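*Asks:*
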Amino acid sequence: ERYLAEKEGLPLAALHAEATRREHLVTSDEIDRIDAQLGFPKFDPHGDPIPPREGEPVVAVEGTPLSSWPEHHLGRVIHVEDEPPALFTQLTLMGLTPGAQVEIDERTPGQVLIWSGRTRLALAPAAAERVFLVDAPPESLPLSEMQLGQAARIAAFEITSVRYF
Numbered sequence: 068e069r070y071l072a073e074k075e076g077l078p079l080a081a082l083h084a085e086a087t088r089r090e091h092l093v094t095s096d097e098i099d100r101i102d103a104q105l106g107f108p109k110f111d112p113h114g115d116p117i118p119p120r121e122g123e124p125v126v127a128v129e130g131t132p133l134s135s136w137p138e139h140h141l142g143r144v145i146h147v148e149d150e151p152p153a154l155f156t157q158l159t160l161m162g163l164t165p166g167a168q169v170e171i172d173e174r175t176p177g178q179v180l181i182w183s184g185r186t187r188l189a190l191a192p193a194a195a196e197r198v199f200l201v202d203a204p205p206e207s208l209p210l211s212e213m214q215l216g217q218a219a220r221i222a223a224f225e226i227t228s229v230r231y232f
């Protein structure tokens, strides 16, 4: 999935099905070469741990569901559940992908209102349960909100892809 996202530009919603289709078409040597080419990533583009090689420890996903995240506290998306596929597609089209920064503006019994950049989004509680956050790096902000010439360190990188057919 990481290869398909980074090297072939497939949209997040299409990765799992395409990876499943291709996984039996490549040899273990080819998988090792791709893994090395990608820098031995620990997580797939959805934020799920990539199964380790035999004898290596499993990397755990830690984070708090958006549905339980404190209001007015900046968080960074680290994982989005890819099941059910229709909901996953909706969340990714809303920009809720690993690396995105969000802040809960208001929580009601029927919805969670969040800010993602300059966009206010409304999520059903069931959708908010499928997005996991960690604290955003201190004083972090999207590059789009920086001044021209302002120095910064990139704290997270978000891969997005939109294709029209």
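If you're matching positions, the sequence shown starts at 68 in this note's numbering and goes up one per residue. Beta carbons are placed, not taken as given, at the ideal position from N, Cα and C, and that holds for glycine. All of these numbers come straight from a predicted model, not from anything done at the bench.
If we call anything under 8 Å between Cβ atoms a contact, is H146 one with G130?
*Replies:* Within the sequence shown, residue 146 is the residue found at index 79, counting from 1. Within the sequence shown, residue 130 is the residue found at index 63, counting from 1. In contact: H146 and G130 (Cβ atoms closer than 8 Å).
*Asks:* Should the region 130 to 145 be regarded as contacting the region 176 to 195, the criterion being three or more beta carbon pairs within less than 8 Å?
*Replies:* yes
*Asks:* Give the single residue among Q168, D99, F110 whose Cα lies nearest to the Cα of G184.
*Replies:* By 1-based counting over the sequence shown, the position of residue 184 is 117. Taking only the C-alpha atoms, the option nearest G184 is Q168.
*Asks:* Considering just the uninterrupted stretch of the beta strand (DSSP E) at Q178, what are its terminal residues?
*Replies:* Counted from its first residue, the sequence shown places residue 178 at position 111. Where Q178 is concerned, there is no enclosing beta strand (DSSP E), given that its DSSP letter is neither H nor E.
*Asks:* Is A86 helix, strand or coil when you go by DSSP?
*Replies:* By one-based count along the sequence shown, residue 86 stands at place 19. Helix at A86.
*Asks:* Thinking C-alpha only, which one of P116, E138, L71 is nearest I171?
*Replies:* Translated into positions along the sequence shown, residue 171 becomes position 104. Ranking P116, E138, L71 by Cα distance to I171 puts E138 first.
*Asks:* Restricting to Cα atoms, I'd like to know which of D96, P116, E148, R143 is closest to I237.
*Replies:* An answer regarding residue 237 cannot be provided, because it is not within the stretch 68 to 232 covered by the chain.
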